[in-house]
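The sequence shown stops at residue 183 when you use my numbering, and every number in between is there. In this text, a Cβ means the ideal position worked out from N, Cα and C, and glycines have one as well. These figures come from a predicted structure and were not determined experimentally. Following: one structure in structure tokens, then a few remarks.
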Amino acid sequence: MKNCKLSWALVVVLLIIVALLGYKFTVGNVRPSDDGRQAVMLSKDERNALLLEMRVWLQNSQGILSAASKNDFETVIQTAKASGMGAEAEVPGALFRKLPVEMKALGFDTRRKFDGIAADAENFKDSNHIVSKLSIAMNNCVACHAMYRFVETIQ
Ligand code: HEC
29 MKNCKLSWAL VVVLLIIVAL LGYKFTVGNV RPSDDGRQAV MLSKDERNAL LLEMRVWLQN
89 SQGILSAASK NDFETVIQTA KASGMGAEAE VPGALFRKLP VEMKALGFDT RRKFDGIAAD
149 AENFKDSNHI VSKLSIAMNN CVACHAMYRF VETIQ
């Protein structure tokens, strides 16, 4: 009987730990920011790595527009793929846990949309369609920037 109580206590403690870890994984390492957004707290290297990824996205978005305006679909395909799932860098677990779950979802969805642009460029070769798909993908850029900022923690 005593042993049974002890194991229940252990189960409860373990469940609490799992719930806390799950919660931390979902919310990420965020603080309210005084500009109304959520500040994602990162180390200097983590912030630099993510900002570099952002600049690549901007560059590739411009590259897609420029290539689509010249009906250069091969360049559209290559450039869109360079922003797609295949180009997702190995994100260290420690950084992954700091990002809120909605942010990760929006990031992956953006990569999938770039893959969609590459596939459509291959299948339809229609520059108006590419411009419209890129415009839809870029709603994700706008949405995420409205919600989050990256702040370097002092450590
Ligand atoms: C999942 C969220 C998310 C998505 C999606 C996203 N960004 Fe960002 N981006 C951020 C955050 C957060 C910052 C940092 C903003 C800050 O701290 O004020 C940022 C910063 C940037 C910067 C500044 C880089 C620097 O060196 O300072 C650029 C450029 C940028 N993003 C471009 C883009 C483009 C283009 C897209 C879409 C193709 C995009 N981002 C999509 C979250 C996102």
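Beta-bridge annotation (DSSP): residue 60 is paired with 66. The closest heavy atom of ligand 1 lies less than 7 Å from the beta carbon of residue 168.
In this structure, residue 167 keeps its C-beta atom at 8 Å or more from the C-beta atom of residue 134. At a Cβ-Cβ threshold of 8 Å, residue 92 and residue 158 count as neighbours. When only Cα atoms are considered, residue 104 and residue 129 end up about 30 Å apart.
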